[in-house]
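Residue numbers (our numbering): 212 to 363.
Ideal Cβ placement from N, Cα and C applies to all residues, glycine included.
Note that this is a predicted model, so its numbers are computed, not measured.
Single-structure report; data block below.
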Amino acid sequence: MEMILVSACLLGVNCKYDGKNNYNRELVDLLNGKAIVPVCPEQLGGLTTPRIAAEIQNGDGSDVVENSFKVLTKEGVDVSEAFIKGAKETLYIAMSMCITQAFLKAKSPSCGSGKIYDGTFSGVLRSGDGVTTYLLKKNGIKVFTENDFLIE
Numbered sequence: 212m213e214m215i216l217v218s219a220c221l222l223g224v225n226c227k228y229d230g231k232n233n234y235n236r237e238l239v240d241l242l243n244g245k246a247i248v249p250v251c252p253e254q255l256g257g258l259t260t261p262r263i264a265a266e267i268q269n270g271d272g273s274d275v276v277e278n279s280f281k282v283l284t285k286e287g288v289d290v291s292e293a294f295i296k297g298a299k300e301t302l303y304i305a306m307s308m309c310i311t312q313a314f315l316k317a318k319s320p321s322c323g324s325g326k327i328y329d330g331t332f333s334g335v336l337r338s339g340d341g342v343t344t345y346l347l348k349k350n351g352i353k354v355f356t357e358n359d360f361l362i363e
């Protein structure tokens, strides 16, 4: 049975930056009976829960991996290394389990796909992928958000 990588917060795990979750009943129902592997890239990178909210400043996940731009907390602390480490750990898990698709949290600086927060902590979105999503896509893994509801 093919395994699917899933953001743990979408499954109800309290790993979101504020110590809560993003439980999504429709996604859980869709994944019922499927082999899933829950992950939280930010925790895998060594960040605590709860933690100060963070956003990518002036770029997206590819820029963070290439060290062009940083992931900063709302207080201005650089957490780029933790985001990169968590993305690499998530990629390692996916590759070691031959995972080809993932459902990750929309808009997140780690997991966002297509749109992420713009770094101003004002809820404004910009085009781009989160750090983990960038690495997964770069390695041939299809990434969907909880809004896509498509299993191939």
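query, result
"Beta-carbon spacing of Leu221, Asn243 below 8 Å", "no"
"Within 8 Å, strictly: CB atoms of Pro249 and Val224", "yes"
"Distance, Phe294 Cα to Gly339 Cα", "16 Å"
"N- and C-terminal bounds of the alpha helix (DSSP H) containing Lys326", "Run containing Lys326: none in the alpha helix (DSSP H); it sits in the beta strand (DSSP E), 326-328."
"CA nearest to the CA of Gly272, picked from Glu237, Phe314, Met214, Lys349", "Lys349"
"Segments of 3+ residues assigned as beta strand (DSSP E) that fall wholly inside the region 268-351", "282-284, 312-315, 326-328, 336-338"
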